[in-house]
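Following: one structure in C-alpha coordinates, then a few remarks.
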Amino acid sequence: MRKPDTIEHLYLDFDSFFASCEQQRDPALRGRPIGITPTTGNASSGFGAVIAASREAKRAGVRNVSSQKEAREICPDIIFVDQDPAFYREMHHGAQASIKSVLPIGKVMSIDELSCPLSPAQIADPLGTAHRIKRALAAGIGPHITASIGFAPNGHLAKIACKQDKPDGATIWRPEDLPAAMLHIPLGGVPGIGSGMTRRLDAAGITDMAGLLATSPKQLRHIWGNVAGERFWYAMQGHEVITQKSTRSMIGHSRVLPAKWRGTDAPYGCARMLLTKAARRLRREGFYANTLYVSAKIRIRPGAEPKRWADKIALHSANDDRTCLKALDRMWQPLAAHLARLPSVNIANIMVSFSGLVPEGSRQLDFWIGDDPDRKRWEQITATIDQVNLAANRSLITVGPWSPPPGGNAGGKIAFTRVPEAEDFWEDAQ
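All residue numbers for the sequence shown refer to UniProt numbering, where the first residue is 1 and numbers rise by one.
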(Lines of atoms letter the chains of each structure in order from A and count residues from 1; the text may use other names and numbers.)
(Lines give C-alpha, C1' and ligand atoms only; values in the text may rest on other atoms or scores of the structure.)
Protein backbone atom coordinates (compact mmCIF):
# COMPACT_ATOMS: atom_id res chain seq x y z
CA MET A 1 0.00 0.00 0.00
CA ARG A 2 1.55 3.27 -1.17
CA LYS A 3 2.42 5.97 1.38
CA PRO A 4 2.72 9.40 -0.31
CA ASP A 5 5.73 11.53 0.57
CA THR A 6 3.87 14.81 0.00
CA ILE A 7 0.36 16.25 0.07
CA GLU A 8 -1.79 14.83 -2.73
CA HIS A 9 -5.40 15.59 -1.76
CA LEU A 10 -7.59 18.59 -1.04
CA TYR A 11 -10.84 18.32 0.94
CA LEU A 12 -13.32 21.20 0.98
CA ASP A 13 -16.14 21.62 3.48
CA PHE A 14 -18.48 24.61 3.20
CA ASP A 15 -19.10 26.52 6.43
CA SER A 16 -22.74 26.26 7.61
CA PHE A 17 -23.70 25.92 3.96
CA PHE A 18 -27.50 26.12 4.14
CA ALA A 19 -27.56 29.05 6.56
CA SER A 20 -24.80 30.81 4.60
CA CYS A 21 -26.85 30.48 1.40
CA GLU A 22 -29.71 32.28 3.14
CA GLN A 23 -27.35 35.00 4.39
CA GLN A 24 -25.93 35.45 0.90
CA ARG A 25 -29.46 35.85 -0.50
CA ASP A 26 -30.81 38.15 2.23
CA PRO A 27 -28.54 40.96 3.49
CA ALA A 28 -30.76 41.37 6.57
CA LEU A 29 -29.62 37.95 7.80
CA ARG A 30 -25.89 38.60 7.51
CA GLY A 31 -24.05 38.49 10.80
CA ARG A 32 -27.21 37.32 12.56
CA PRO A 33 -27.78 33.93 14.22
CA ILE A 34 -30.22 31.94 12.09
CA GLY A 35 -31.67 28.44 12.20
CA ILE A 36 -33.05 26.56 9.20
CA THR A 37 -36.41 24.80 9.73
CA PRO A 38 -37.55 21.72 7.79
CA THR A 39 -40.90 22.74 6.26
CA THR A 40 -42.49 25.84 4.76
CA GLY A 41 -44.35 27.79 7.44
CA ASN A 42 -42.41 26.12 10.24
CA ALA A 43 -40.18 29.14 10.85
CA SER A 44 -43.09 31.36 11.86
CA SER A 45 -44.69 28.73 14.10
CA GLY A 46 -42.04 28.79 16.81
CA PHE A 47 -42.36 25.02 17.08
CA GLY A 48 -40.61 22.13 15.39
CA ALA A 49 -36.97 21.54 14.62
CA VAL A 50 -33.82 23.40 13.63
CA ILE A 51 -31.96 21.27 11.09
CA ALA A 52 -29.06 23.64 10.33
CA ALA A 53 -27.57 26.63 12.13
CA SER A 54 -25.47 29.58 11.01
CA ARG A 55 -21.97 30.06 12.35
CA GLU A 56 -23.27 32.90 14.56
CA ALA A 57 -25.90 30.56 16.06
CA LYS A 58 -23.30 27.82 16.54
CA ARG A 59 -21.03 30.24 18.40
CA ALA A 60 -23.94 30.91 20.76
CA GLY A 61 -24.30 27.17 21.39
CA VAL A 62 -27.10 26.18 19.00
CA ARG A 63 -26.62 22.70 17.55
CA ASN A 64 -27.42 21.73 13.97
CA VAL A 65 -30.24 19.44 15.10
CA SER A 66 -32.32 20.84 17.96
CA SER A 67 -35.81 22.11 18.70
CA GLN A 68 -36.79 25.70 18.02
CA LYS A 69 -37.68 26.04 21.70
CA GLU A 70 -34.22 24.88 22.78
CA ALA A 71 -32.51 27.10 20.18
CA ARG A 72 -34.49 30.14 21.35
CA GLU A 73 -33.56 29.49 24.98
CA ILE A 74 -29.86 29.25 24.08
CA CYS A 75 -29.90 32.16 21.62
CA PRO A 76 -32.85 34.55 22.14
CA ASP A 77 -31.97 36.58 19.02
CA ILE A 78 -32.05 33.61 16.64
CA ILE A 79 -34.03 34.04 13.42
CA PHE A 80 -35.77 30.98 11.99
CA VAL A 81 -35.82 30.56 8.21
CA ASP A 82 -37.71 27.91 6.23
CA GLN A 83 -35.45 25.65 4.21
CA ASP A 84 -35.24 26.11 0.44
CA PRO A 85 -33.60 22.94 -0.93
CA ALA A 86 -34.03 23.96 -4.57
CA PHE A 87 -32.02 27.13 -3.88
CA TYR A 88 -29.32 25.18 -2.01
CA ARG A 89 -29.09 22.80 -4.96
CA GLU A 90 -28.64 25.78 -7.31
CA MET A 91 -25.89 27.20 -5.11
CA HIS A 92 -24.23 23.77 -4.90
CA HIS A 93 -23.95 23.58 -8.67
CA GLY A 94 -22.73 27.18 -8.83
CA ALA A 95 -20.06 26.37 -6.27
CA GLN A 96 -18.92 23.37 -8.29
CA ALA A 97 -18.56 25.52 -11.39
CA SER A 98 -16.46 28.03 -9.44
CA ILE A 99 -14.16 25.33 -8.04
CA LYS A 100 -13.75 23.69 -11.45
CA SER A 101 -12.38 26.99 -12.76
CA VAL A 102 -9.39 26.39 -10.46
CA LEU A 103 -8.95 22.59 -10.41
CA PRO A 104 -10.86 19.41 -11.30
CA ILE A 105 -13.22 17.95 -8.69
CA GLY A 106 -12.40 14.36 -7.83
CA LYS A 107 -15.52 13.37 -5.91
CA VAL A 108 -18.60 15.15 -4.59
CA MET A 109 -19.15 13.68 -1.14
CA SER A 110 -22.35 15.57 -0.30
CA ILE A 111 -24.10 18.84 -1.04
CA ASP A 112 -21.49 20.74 1.03
CA GLU A 113 -18.33 18.59 0.84
CA LEU A 114 -16.02 17.49 -1.97
CA SER A 115 -12.48 16.30 -2.59
CA CYS A 116 -9.93 17.04 -5.31
CA PRO A 117 -6.64 15.43 -6.39
CA LEU A 118 -3.75 17.88 -6.64
CA SER A 119 -1.49 18.55 -9.61
CA PRO A 120 2.26 19.09 -9.11
CA ALA A 121 1.76 22.87 -9.35
CA GLN A 122 -0.98 22.78 -6.70
CA ILE A 123 1.14 20.54 -4.46
CA ALA A 124 3.90 23.13 -4.68
CA ASP A 125 1.54 25.98 -3.71
CA PRO A 126 -1.37 24.71 -1.57
CA LEU A 127 -2.11 28.06 0.08
CA GLY A 128 -2.21 29.77 -3.30
CA THR A 129 -4.58 27.05 -4.51
CA ALA A 130 -6.84 27.57 -1.49
CA HIS A 131 -6.91 31.33 -2.01
CA ARG A 132 -7.74 30.92 -5.70
CA ILE A 133 -10.65 28.63 -4.81
CA LYS A 134 -11.93 31.07 -2.21
CA ARG A 135 -11.72 33.99 -4.67
CA ALA A 136 -13.53 31.95 -7.32
CA LEU A 137 -16.32 31.09 -4.86
CA ALA A 138 -16.70 34.71 -3.76
CA ALA A 139 -16.95 35.85 -7.38
CA GLY A 140 -19.18 32.97 -8.49
CA ILE A 141 -21.73 32.50 -5.71
CA GLY A 142 -20.98 35.29 -3.26
CA PRO A 143 -18.59 36.22 -0.43
CA HIS A 144 -20.91 35.10 2.37
CA ILE A 145 -20.64 31.42 1.41
CA THR A 146 -17.21 30.37 2.62
CA ALA A 147 -15.37 27.07 2.77
CA SER A 148 -12.67 25.48 4.88
CA ILE A 149 -10.00 23.53 3.01
CA GLY A 150 -7.63 20.80 4.13
CA PHE A 151 -4.52 19.43 2.38
CA ALA A 152 -2.94 16.10 3.30
CA PRO A 153 -1.27 12.99 1.86
CA ASN A 154 -4.63 11.22 1.52
CA GLY A 155 -8.29 12.15 1.38
CA HIS A 156 -9.12 10.88 4.85
CA LEU A 157 -6.50 13.06 6.53
CA ALA A 158 -7.42 16.01 4.32
CA LYS A 159 -11.00 15.74 5.59
CA ILE A 160 -9.80 15.85 9.19
CA ALA A 161 -7.47 18.75 8.39
CA CYS A 162 -10.19 20.90 6.84
CA LYS A 163 -12.13 20.87 10.13
CA GLN A 164 -9.22 22.35 12.11
CA ASP A 165 -9.45 25.98 11.05
CA LYS A 166 -13.16 26.63 10.59
CA PRO A 167 -14.65 28.83 9.36
CA ASP A 168 -12.98 29.94 6.14
CA GLY A 169 -9.64 28.36 6.96
CA ALA A 170 -6.94 26.41 5.14
CA THR A 171 -4.89 23.72 6.87
CA ILE A 172 -1.88 21.93 5.36
CA TRP A 173 -0.67 18.62 6.79
CA ARG A 174 2.51 17.48 5.06
CA PRO A 175 3.89 14.03 5.96
CA GLU A 176 6.58 15.63 8.12
CA ASP A 177 3.84 17.41 10.14
CA LEU A 178 2.25 14.10 11.14
CA PRO A 179 1.29 12.71 13.53
CA ALA A 180 2.09 15.72 15.75
CA ALA A 181 -0.52 17.90 14.02
CA MET A 182 -3.28 15.43 14.93
CA LEU A 183 -2.52 14.58 18.54
CA HIS A 184 -4.83 17.24 20.01
CA ILE A 185 -7.90 15.98 18.12
CA PRO A 186 -10.42 13.99 20.21
CA LEU A 187 -11.40 10.60 18.83
CA GLY A 188 -14.97 11.80 18.36
CA GLY A 189 -13.70 14.40 15.90
CA VAL A 190 -12.35 11.79 13.48
CA PRO A 191 -14.53 10.71 10.53
CA GLY A 192 -15.41 7.07 10.95
CA ILE A 193 -15.48 7.17 14.75
CA GLY A 194 -19.00 7.65 16.06
CA SER A 195 -20.28 7.28 19.60
CA GLY A 196 -20.56 3.50 19.31
CA MET A 197 -17.01 3.11 18.02
CA THR A 198 -15.74 5.49 20.70
CA ARG A 199 -17.18 3.12 23.31
CA ARG A 200 -15.49 0.14 21.65
CA LEU A 201 -12.15 1.94 21.58
CA ASP A 202 -12.55 3.00 25.20
CA ALA A 203 -13.25 -0.61 26.18
CA ALA A 204 -9.97 -1.54 24.47
CA GLY A 205 -8.09 1.13 26.45
CA ILE A 206 -7.79 3.56 23.53
CA THR A 207 -8.92 6.98 24.71
CA ASP A 208 -6.97 9.53 22.68
CA MET A 209 -5.33 10.11 19.31
CA ALA A 210 -1.89 8.99 20.49
CA GLY A 211 -3.37 5.69 21.63
CA LEU A 212 -5.22 5.23 18.35
CA LEU A 213 -2.11 5.86 16.26
CA ALA A 214 -0.11 3.41 18.39
CA THR A 215 -2.38 0.49 17.49
CA SER A 216 -1.78 -2.08 14.77
CA PRO A 217 -3.88 -2.86 11.67
CA LYS A 218 -4.97 -6.20 13.12
CA GLN A 219 -5.97 -4.59 16.41
CA LEU A 220 -8.29 -2.10 14.71
CA ARG A 221 -9.66 -4.85 12.48
CA HIS A 222 -10.60 -6.74 15.64
CA ILE A 223 -12.20 -3.67 17.24
CA TRP A 224 -14.14 -2.76 14.09
CA GLY A 225 -15.08 -6.37 13.52
CA ASN A 226 -14.14 -6.30 9.85
CA VAL A 227 -11.52 -5.21 7.33
CA ALA A 228 -12.75 -1.59 7.53
CA GLY A 229 -10.79 -1.21 10.77
CA GLU A 230 -7.60 -2.24 9.02
CA ARG A 231 -8.23 0.21 6.18
CA PHE A 232 -8.93 2.91 8.76
CA TRP A 233 -5.54 2.28 10.40
CA TYR A 234 -3.69 2.67 7.10
CA ALA A 235 -5.63 5.85 6.25
CA MET A 236 -4.78 7.39 9.63
CA GLN A 237 -1.09 6.56 9.06
CA GLY A 238 -1.09 8.48 5.77
CA HIS A 239 -1.31 5.61 3.27
CA GLU A 240 -3.32 5.92 0.08
CA VAL A 241 -6.17 3.48 0.72
CA ILE A 242 -8.15 2.31 -2.30
CA THR A 243 -11.63 1.45 -1.10
CA GLN A 244 -14.23 -0.49 -3.01
CA LYS A 245 -16.87 1.65 -4.66
CA SER A 246 -19.98 1.59 -2.51
CA THR A 247 -23.22 0.42 -4.06
CA ARG A 248 -26.60 1.91 -3.28
CA SER A 249 -28.65 -0.34 -1.02
CA MET A 250 -31.76 1.75 -0.42
CA ILE A 251 -33.80 4.61 -1.90
CA GLY A 252 -36.52 6.27 0.14
CA HIS A 253 -38.21 9.37 1.48
CA SER A 254 -39.77 10.37 4.80
CA ARG A 255 -41.91 13.22 6.05
CA VAL A 256 -42.96 14.64 9.41
CA LEU A 257 -46.67 15.39 9.03
CA PRO A 258 -48.24 18.74 9.96
CA ALA A 259 -50.76 18.66 12.81
CA LYS A 260 -53.84 18.70 10.56
CA TRP A 261 -52.52 15.73 8.55
CA ARG A 262 -52.18 13.29 11.42
CA GLY A 263 -55.47 11.39 11.16
CA THR A 264 -55.94 8.19 9.17
CA ASP A 265 -56.64 9.43 5.61
CA ALA A 266 -54.11 12.22 4.97
CA PRO A 267 -51.04 10.12 5.93
CA TYR A 268 -52.00 7.57 3.28
CA GLY A 269 -52.04 10.33 0.65
CA CYS A 270 -48.62 11.47 1.82
CA ALA A 271 -47.31 7.89 1.70
CA ARG A 272 -48.52 7.55 -1.91
CA MET A 273 -46.71 10.72 -2.93
CA LEU A 274 -43.48 9.79 -1.12
CA LEU A 275 -43.56 6.34 -2.70
CA THR A 276 -44.12 7.78 -6.18
CA LYS A 277 -41.19 10.16 -5.75
CA ALA A 278 -38.97 7.34 -4.50
CA ALA A 279 -40.02 5.15 -7.46
CA ARG A 280 -39.07 7.99 -9.82
CA ARG A 281 -35.61 8.03 -8.24
CA LEU A 282 -35.38 4.26 -8.72
CA ARG A 283 -35.98 4.70 -12.44
CA ARG A 284 -33.69 7.73 -12.81
CA GLU A 285 -30.83 5.86 -11.14
CA GLY A 286 -31.47 2.69 -13.13
CA PHE A 287 -32.67 0.30 -10.42
CA TYR A 288 -35.42 -2.19 -9.74
CA ALA A 289 -36.42 -2.96 -6.14
CA ASN A 290 -37.21 -6.29 -4.53
CA THR A 291 -38.61 -4.98 -1.24
CA LEU A 292 -40.85 -2.09 -0.20
CA TYR A 293 -40.64 -1.00 3.44
CA VAL A 294 -43.15 1.40 5.02
CA SER A 295 -43.17 2.72 8.57
CA ALA A 296 -45.15 5.26 10.59
CA LYS A 297 -44.89 6.71 14.08
CA ILE A 298 -48.36 6.43 15.61
CA ARG A 299 -49.86 7.69 18.89
CA ILE A 300 -53.16 5.91 19.60
CA ARG A 301 -54.35 8.21 22.39
CA PRO A 302 -53.44 11.70 23.63
CA GLY A 303 -50.43 11.69 25.91
CA ALA A 304 -49.40 8.15 25.01
CA GLU A 305 -45.89 7.35 23.82
CA PRO A 306 -45.81 7.03 20.02
CA LYS A 307 -45.11 3.57 18.66
CA ARG A 308 -43.46 2.64 15.39
CA TRP A 309 -45.54 0.57 12.96
CA ALA A 310 -43.60 -1.01 10.12
CA ASP A 311 -44.21 -3.54 7.40
CA LYS A 312 -42.48 -4.77 4.27
CA ILE A 313 -43.53 -6.61 1.16
CA ALA A 314 -41.78 -8.33 -1.74
CA LEU A 315 -41.84 -6.49 -5.08
CA HIS A 316 -40.03 -9.01 -7.30
CA SER A 317 -37.83 -6.53 -9.21
CA ALA A 318 -40.27 -3.68 -9.81
CA ASN A 319 -39.97 0.07 -10.34
CA ASP A 320 -43.23 1.08 -12.08
CA ASP A 321 -45.67 3.24 -10.14
CA ARG A 322 -48.68 0.91 -10.31
CA THR A 323 -46.90 -2.16 -8.95
CA CYS A 324 -45.36 -0.15 -6.11
CA LEU A 325 -48.63 1.59 -5.22
CA LYS A 326 -50.53 -1.72 -5.19
CA ALA A 327 -47.92 -3.07 -2.78
CA LEU A 328 -48.41 -0.02 -0.55
CA ASP A 329 -52.17 -0.61 -0.54
CA ARG A 330 -51.74 -4.22 0.54
CA MET A 331 -49.77 -3.06 3.57
CA TRP A 332 -51.79 0.04 4.40
CA GLN A 333 -55.34 -1.37 4.21
CA PRO A 334 -55.03 -3.65 7.29
CA LEU A 335 -53.40 -0.79 9.23
CA ALA A 336 -56.17 1.64 8.24
CA ALA A 337 -58.86 -0.88 9.21
CA HIS A 338 -57.25 -1.31 12.64
CA LEU A 339 -56.81 2.42 13.22
CA ALA A 340 -60.41 3.13 12.19
CA ARG A 341 -61.60 1.20 15.25
CA LEU A 342 -59.60 3.38 17.65
CA PRO A 343 -61.07 6.52 19.27
CA SER A 344 -57.96 8.64 18.64
CA VAL A 345 -55.12 8.37 16.12
CA ASN A 346 -52.11 10.63 15.59
CA ILE A 347 -49.68 9.60 12.81
CA ALA A 348 -46.64 11.83 13.25
CA ASN A 349 -44.46 10.76 10.34
CA ILE A 350 -44.27 8.44 7.35
CA MET A 351 -41.28 6.73 5.76
CA VAL A 352 -41.18 4.64 2.58
CA SER A 353 -38.09 2.97 1.19
CA PHE A 354 -37.07 0.53 -1.52
CA SER A 355 -34.33 -2.02 -0.88
CA GLY A 356 -32.91 -5.11 -2.51
CA LEU A 357 -31.93 -2.91 -5.45
CA VAL A 358 -31.03 -4.55 -8.75
CA PRO A 359 -29.34 -2.58 -11.56
CA GLU A 360 -30.98 -2.51 -14.96
CA GLY A 361 -29.57 -5.37 -16.99
CA SER A 362 -29.28 -7.66 -13.97
CA ARG A 363 -33.01 -8.09 -13.39
CA GLN A 364 -34.50 -11.56 -13.16
CA LEU A 365 -38.30 -11.87 -13.24
CA ASP A 366 -40.09 -14.33 -10.98
CA PHE A 367 -42.03 -16.53 -13.39
CA TRP A 368 -44.15 -17.94 -10.56
CA ILE A 369 -45.88 -14.57 -10.25
CA GLY A 370 -47.14 -14.70 -13.81
CA ASP A 371 -47.52 -10.94 -14.20
CA ASP A 372 -44.79 -10.36 -16.77
CA PRO A 373 -47.06 -9.01 -19.60
CA ASP A 374 -48.98 -6.73 -17.21
CA ARG A 375 -45.76 -5.55 -15.56
CA LYS A 376 -44.18 -4.71 -18.91
CA ARG A 377 -47.28 -2.76 -19.96
CA TRP A 378 -47.20 -0.66 -16.80
CA GLU A 379 -43.48 -0.10 -17.13
CA GLN A 380 -44.12 1.34 -20.59
CA ILE A 381 -46.97 3.50 -19.25
CA THR A 382 -44.78 4.73 -16.39
CA ALA A 383 -41.93 5.54 -18.80
CA THR A 384 -44.36 7.63 -20.88
CA ILE A 385 -45.57 9.45 -17.76
CA ASP A 386 -41.95 10.20 -16.83
CA GLN A 387 -41.30 11.65 -20.30
CA VAL A 388 -44.39 13.88 -20.14
CA ASN A 389 -43.54 15.13 -16.65
CA LEU A 390 -39.94 15.81 -17.65
CA ALA A 391 -41.05 17.81 -20.68
CA ALA A 392 -43.47 19.81 -18.50
CA ASN A 393 -40.88 20.19 -15.71
CA ARG A 394 -43.53 19.27 -13.11
CA SER A 395 -45.73 16.41 -11.94
CA LEU A 396 -48.32 16.80 -14.67
CA ILE A 397 -49.50 13.16 -14.64
CA THR A 398 -49.56 10.71 -11.74
CA VAL A 399 -51.06 7.27 -11.15
CA GLY A 400 -54.03 7.96 -8.89
CA PRO A 401 -54.43 10.71 -6.27
CA TRP A 402 -51.55 13.10 -5.61
CA SER A 403 -51.63 14.80 -2.22
CA PRO A 404 -48.60 16.93 -1.30
CA PRO A 405 -48.67 17.78 2.42
CA PRO A 406 -48.49 21.41 3.55
CA GLY A 407 -44.98 22.74 4.01
CA GLY A 408 -43.57 21.87 0.60
CA ASN A 409 -40.36 20.04 -0.34
CA ALA A 410 -41.72 16.52 0.28
CA GLY A 411 -39.11 14.23 -1.23
CA GLY A 412 -36.82 17.20 -1.86
CA LYS A 413 -35.91 18.13 1.68
CA ILE A 414 -32.56 19.43 2.84
CA ALA A 415 -29.98 16.78 2.08
CA PHE A 416 -26.65 16.46 3.87
CA THR A 417 -25.57 13.30 2.05
CA ARG A 418 -27.46 13.56 -1.23
CA VAL A 419 -27.79 16.34 -3.77
CA PRO A 420 -31.49 16.56 -4.69
CA GLU A 421 -32.41 16.57 -8.36
CA ALA A 422 -34.82 19.04 -9.93
CA GLU A 423 -37.49 16.33 -10.18
CA ASP A 424 -37.47 15.90 -6.40
CA PHE A 425 -39.20 19.27 -6.04
CA TRP A 426 -42.13 18.62 -8.38
CA GLU A 427 -45.25 18.89 -6.21
CA ASP A 428 -47.74 20.99 -8.14
CA ALA A 429 -49.64 18.36 -10.14
CA GLN A 430 -53.15 17.22 -9.35
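The beta carbon of each residue, even a glycine, is placed where N, CA and C say it ideally should be. Because the structure is a prediction, the values reported are computed rather than measured.
PRO117 has HIS9 as its beta-bridge partners, per DSSP. For the pair ASP82 and GLU70, the Cα-to-Cα distance works out to about 17 Å. Three or more pairs of CB atoms, one per stretch, sit closer than 8 Å, so the region 113–131 contacts the region 5–17. By the criterion of at least three beta-carbon pairs nearer than 8 Å, the region 132–143 is in contact with the region 89–103.
When DSSP states are grouped into helix, strand and coil, PRO175 belongs to the helix group. Taken in chain order, the whole alpha helix (DSSP H) runs of length 4 or more contained in the region 296–367 are 321–340. For ARG25, the enclosing alpha helix (DSSP H) stretches over residues 17–25. With a cutoff of 9 Å on beta-carbon distance, PRO153 and PRO175 are scored as near each other.
For LEU183, the closest C-alpha among the options ASP168, LYS166, ILE160, GLY196 is that of ILE160. The bridge partners DSSP lists for THR291 are ALA314, SER355. Contact check between the region 319–327 and the region 275–282: three or more CB pairs, one atom from each, fall below 8 Å, which counts as touching. Per DSSP, ASP112 has no beta bridge partner at all. Nearest neighbour of PRO302 by Cα position, chosen from ALA86, SER344, GLY263, turns out to be SER344. The C-beta distance from LEU325 to GLY400 rounds to 6 Å, short enough to meet the 8 Å contact threshold. Segment contact: the region 304–319 against the region 223–239, fewer than three CB-CB distances shorter than 8 Å; contact not assigned. Cα atoms of PHE14 and SER54: separation of roughly 12 Å, rounded to the nearest angstrom. With a cutoff of 9 Å on beta-carbon distance, ILE347 and ARG330 are scored as not near each other. As the crow flies, the alpha-carbon of ARG221 is around 9 Å from that of PHE232. Under the DSSP assignment, GLY400 falls outside any beta strand (DSSP E); it carries neither an H nor an E label. Under the three-state reduction of DSSP output, GLY189 falls in the helix class.
When DSSP states are grouped into helix, strand and coil, ILE99 belongs to the helix group.
Here MET250 has SER353, SER355 as same chain residues with Cβ atoms under 6 Å from its own Cβ, once five neighbours each way along the sequence are excluded.
Counting C-beta pairs with one atom in each stretch, the region 102–116 and the region 13–30 have three or more that are closer than 8 Å, which means they touch. Its chain contains LEU103, THR129 as the residues whose beta carbon lies nearer than 7 Å to that of GLN122, once the 5 sequence neighbours on both sides are disregarded; these appear in chain order. Contact annotation, PRO33 with ASP77: C-beta distance approximately 6 Å; criterion of less than 8 Å satisfied. Here VAL227 carries a helix assignment [DSSP, helix/strand/coil]. Judged by DSSP in its simplified three-state form, ARG255 adopts strand. Take GLN164, set aside five residues on each side of it, and the residues of its chain with a beta-carbon closer than 6 Å to its own are THR171, in chain order. A residue is called buried once 16 or more other Cβ atoms fall within 10 Å of its Cβ, and ALA124, having fewer, is exposed. C-alpha of ALA181 to C-alpha of MET209: approximately 11 Å in a straight line. The continuous stretches of alpha helix (DSSP H) do not include GLY150, which lies in the beta strand (DSSP E) extending over residues 147–152. According to the DSSP assignment, GLY155 belongs to the alpha helix (DSSP H) that extends over 155–162.
When only Cα atoms are considered, MET236 and LEU213 end up about 7 Å apart. Out of SER101, GLN387, ARG255, the CA that lies nearest to the CA of ARG135 is found in SER101. Around the beta carbon of LEU342, a 10 Å sphere encloses fewer than 16 other beta carbons of the protein chains shown; the residue is thus reported as exposed. When DSSP states are grouped into helix, strand and coil, LYS376 belongs to the helix group.
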